[in-house]
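*Asks:*
4 protein chains.
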Amino acid sequence: MSDTLQDLRGRINHFVAERDWAQFHTPKNLAMAMIVEAAELVEQFQWDTPRESTQLTPEKHEAVSHELADTFVYLLRIAEVLEIDLIAAANAKIDLNAKKYPSDKVRGSNAKYTAYES
Amino acid sequence: MSDTLQDLRGRINHFVAERDWAQFHTPKNLAMAMIVEAAELVEQFQWDTPRESTQLTPEKHEAVSHELADTFVYLLRIAEVLEIDLIAAANAKIDLNAKKYPSDKVRGSNAKYTAYES
Amino acid sequence: MSDTLQDLRGRINHFVAERDWAQFHTPKNLAMAMIVEAAELVEQFQWDTPRESTQLTPEKHEAVSHELADTFVYLLRIAEVLEIDLIAAANAKIDLNAKKYPSDKVRGSNAKYTAYES
Amino acid sequence: MSDTLQDLRGRINHFVAERDWAQFHTPKNLAMAMIVEAAELVEQFQWDTPRESTQLTPEKHEAVSHELADTFVYLLRIAEVLEIDLIAAANAKIDLNAKKYPSDKVRGSNAKYTAYES
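Chains L, R, E and B are the protein sequences, given in the same order.
Just so it is clear: in the first sequence, position 22 is 8 by the numbering used here, and no numbers are missing.
Just so it is clear: in the second sequence, position 9 is -5 by the numbering used here, and no numbers are missing.
Just so it is clear: in the third sequence, position 94 is 80 by the numbering used here, and no numbers are missing.
Just so it is clear: in the fourth sequence, position 13 is -1 by the numbering used here, and no numbers are missing.
1. Helix, strand or coil for I145(E)? Go by DSSP, reduced to three states.
2. Please list the partners that A84(E) has in chain B, where partner means a Cβ-to-Cβ separation under 8 angstroms.
3. Who are the Cβ neighbours of L72(R) in its own chain at under 8 angstroms, not counting the five residues just before and after it?
4. Closer than 9 angstroms, Cβ to Cβ, to anything on chain R: give me those residues from the segment 35 to 48 of chain B, in chain order.
5. Since P44(R) is in the alpha helix (DSSP H), which residue starts that stretch and which ends it?
6. Buried or exposed: where does A3(E) fall if 16 or more other Cβ atoms within 10 Å of its Cβ makes it buried?
7. For V59(B), return the contacting residues in chain L, with the cut-off set at a CB-CB distance below 9 angstroms.
8. Run down chain R in chain order and give the residues with a C-beta less than 8 angstroms from the C-beta of M20(B).
9. Answer with yes or no whether the minimum CB distance from G(-4)(E) to chain B is below 8 angstroms.
10. Helix, strand or coil for I70(E) per DSSP?
11. Skipping 5 residues on each side, what residues in its chain have a beta carbon closer than 8 angstroms to that of I80(B)?
12. Compute the Euclidean distance between the alpha carbons of D106(L) and A55(L), then round it to the nearest angstrom.
13. From V28(L) to E29(B), what does the alpha carbon distance come to, in whole angstroms?
14. Interface residues of chain E around Q127(R) at Cβ under 9 angstroms?
15. What does a CB cutoff of less than 8 angstroms around I21(L) pick up in its chain, not counting 5 residues either side in sequence?
16. If we cut at 8 angstroms on Cβ distances, does A25(E) have a partner in chain R?
17. When we look at the beta-carbon of Y87(R) and count the other beta-carbons within 10 Å, is it buried (16 or more) or exposed?
18. Looking at L68(E): is its Cβ nearer than 8 angstroms to the Cβ of V50(B)?
19. Give me the chain R residues within the contact set of V50(E), using Cβ-Cβ distance strictly less than 8 angstroms, ordered along the chain.
20. Assuming Q32(R) and N(-1)(E) make a contact with CB atoms under 8 angstroms, what is their CB distance in whole Å?
21. For a test of the three-state rule: what should DSSP assign to H11(R), helix, strand or coil?
22. If you draw a straight line from the alpha carbon of Q9(B) to that of W7(E), how long is it in whole angstroms?
23. Looking at the structure shown, is R(-3)(E) part of a helix, part of a strand, or coil, going by DSSP?
24. Expressed to the nearest angstrom, what Euclidean distance is found between the alpha-carbon atoms of K91(R) and I70(E)?
25. Compare the C-beta of D(-11)(R) against all C-beta atoms of chain L and say whether one is closer than 8 angstroms.
26. Would you say V67(R) reaches chain E, if we count a Cβ-Cβ gap shorter than 8 angstroms as a contact?
27. Looking at the secondary structure, which residues open and close the alpha helix (DSSP H) in which S39(R) lies?
28. From which residue to which residue does the alpha helix (DSSP H) around D6(B) run?
29. Tell me, to the nearest whole angstrom, how far the beta carbon of S89(E) is from that of R5(B); I am working on the premise that it is less than 8 angstroms.
30. Using 8 angstroms as the limit for Cβ to Cβ distance, is K98(E) near chain L?
31. By the DSSP assignment, the alpha helix (DSSP H) with D90(B) in it spans what residues?
32. Name the chain R residues that come within less than 9 angstroms of R93(L), Cβ to Cβ?
33. Any C-beta of chain E sitting closer than 8 angstroms to the C-beta of N15(R)?
34. At the level of alpha carbons, what is the spacing between F58(L) and F58(R)?
35. Starting from the Cα of E48(E), find the closest Cα among A78(B), E23(B), A19(B) and give me that residue.
36. Should D29(E) be flagged as near chain R, meaning a C-beta pair shorter than 8 angstroms?
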């Protein structure tokens, strides 16, 4: 069992090495695999209303959890092969977004949100 | 600065609350936002050979890092609104995959990998 | 100007040949390019309610039209390089779907639709 | 059987009406459904080399043909509900692209192609 992000990365690396799959894990291929998993998540919600998507049966909640996990695993693999620190990268991007979308200008409006988000 | 996954989730929640954006963050909408970011990552590699995708200029490495970060932030938001523990979900999914793809059967073959991966 | 699907395919082939871009147009690369365009369409609607997505301003209607066009052009390129007749392929798939989702069993229910659609 | 694009649109509209599914076919939902199908196409090629993706077995060629067809059907549905003429939209977009990527400037270079394509 892996309790931290670091443990999880190690466990995934071991899983890949045992199967000799690193040879297929170029960033190009991994980006394709990740978007396939992201689409399996989208599929879970495609005919739901937004409200329905917040009220999941236990079975659907578990299915969603599996798709999120698959996306996360490929995200970690891409970070691994490109030697990117995901936590640091996310913090750096949030710093940029905080400047790009100042809270006093974009607060609460769908229209503004749409216009400010790119 | 947020040094752990838990700190990062807190920081993102704060960012969203300050902008009153939680009202738009249904799982349906967030899944759409996440796949848009995943596609921006795919775009970085679409005309690269697999080998070229492993050898990035510093500028491209940074751009890729930003797209990975954006995907990660939405992944964390979906986990947040659905109360899913991402680390636990990933570990549970790896347990399933380890049974589905036993290393002695799928080791190293592209053909087998394709057939076993779904 | 191209008035038919056949004319349009010819025009796109000419556009690609003039730029010597066919060398990049493997099915793998084109599938990546197409999903990037499909995601740009998704982005147009990500924060809309389903109802809002049916009521577009003229500017947004044009933007959506451009993203649909880009997706369509890559779809036609994939069909071209793999020598697939898109009209015939769509008809064949609808024949399959008509058997898979008999109208008397799936009629009008979101729940049934979700269960029958895969 | 539908031999033209116009016939095919009519056939799809009939298929949807028989099942009373138009109620779910908002542009938002259809864009999600279309990207899910586009991802099923990406999945076919994710571990292939670019060259392998050009040399398909008959079984894989048929599977690819089905995924292309599914993507095409949702593309046509979006065009239908938003009253967009796909052929005209594609021609208009190619006119724009012809100005954006003049053939004498972008001819044949992967680097230039990447820089000019957005």
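Just so it is clear, CB atoms sit at the ideal spot from N, CA and C, and this is done for glycine as well.
*Replies:* Quick answer:
1. In the structure as shown, chain E begins at -13 and stops at 104. Residue 145(E) is therefore absent and cannot be evaluated.
2. Residues of chain B passing the Cβ test: F1.
3. Same-chain partners within the cutoff: L(-9), L61, L62, A65.
4. Taking 9 angstroms as the Cβ-Cβ cut-off against chain R, the residues of the segment 35 to 48 of chain B that qualify are T35, P36, E38.
5. 44 to 67 is the span of the alpha helix (DSSP H), which, as asked, contains P44(R).
6. So A3(E) ends up on the exposed side.
7. Close partners of V59(B) in chain L (Cβ separation under 9 angstroms) are lacking, with about 14 angstroms as the shortest Cβ gap.
8. Correct list: empty, because the minimum Cβ distance to chain R is about 11 angstroms.
9. Using beta-carbon distances, G(-4)(E) does not count as an interface residue toward chain B, since no partner is under 8 angstroms.
10. In this structure, I70(E) counts as coil in the three-state DSSP scheme.
11. Cβ contact annotation for I80(B) (same chain, cutoff 8 angstroms, sequence separation greater than five): none.
12. Coverage of chain L is limited to positions -13 through 104, which leaves residue 106(L) absent and any answer about it impossible.
13. C-alpha separation (whole angstroms): 15 angstroms.
14. Residue numbering for chain R in the displayed model covers -13 to 104; residue 127(R) lies beyond these limits and cannot be assessed.
15. In its own chain, leaving out the 5 sequence neighbours on each side, no residue places its CB closer than 8 angstroms to the CB of I21(L).
16. Closer than 8 angstroms: yes.
17. Looking at its Cβ environment, which holds 16 or more other Cβ atoms inside 10 Å, Y87(R) is buried.
18. For L68(E) and V50(B), yes; Cβs fall inside 8 angstroms.
19. In chain order: nothing, as chain R lies at least about 14 angstroms away.
20. With 8 angstroms as the limit, Q32(R) and N(-1)(E) do not qualify as a contact, their Cβ atoms being about 20 angstroms apart.
21. In the structure shown, H11(R) sits in coil (DSSP, three-state: anything other than H, G, I, E or B).
22. Taking the straight line from one Cα to the other gives about 41 angstroms.
23. The answer is helix: DSSP assigns R(-3)(E) an H, G or I state.
24. Between K91(R) and I70(E), the C-alpha separation is close to 35 angstroms.
25. At least one chain L Cβ lies under 8 angstroms of D(-11)(R).
26. V67(R) does not count as touching chain E.
27. That residue, S39(R), is in no alpha helix (DSSP H); it is neither H nor E in DSSP.
28. Taken as a continuous stretch (DSSP letters only), D6(B) belongs to no alpha helix (DSSP H), as it is neither H nor E.
29. Right, the Cβ-Cβ distance comes to about 5 angstroms (below 8 angstroms), so this counts as a contact.
30. Below a pLDDT of 50, predicted positions are generally treated as unreliable, and K98(E), at 49, falls in that range; no measurement from the model is reported.
31. Under the DSSP assignment, D90(B) falls in the alpha helix (DSSP H) whose first and last residues are 89 to 92.
32. Those within 9 angstroms of R93(L) in chain R are E4, R5, D6, W7.
33. Closer than 8 angstroms: yes.
34. Going from the Cα of F58(L) to the Cα of F58(R) covers about 8 angstroms.
35. Among A78(B), E23(B), A19(B), the Cα nearest to that of E48(E) is on A78(B).
36. One detail in the question is off: residue 29(E) reads as Glu in this sequence, not Asp. Interface annotation, E29(E): in contact with chain R, CB-CB separation under 8 angstroms.
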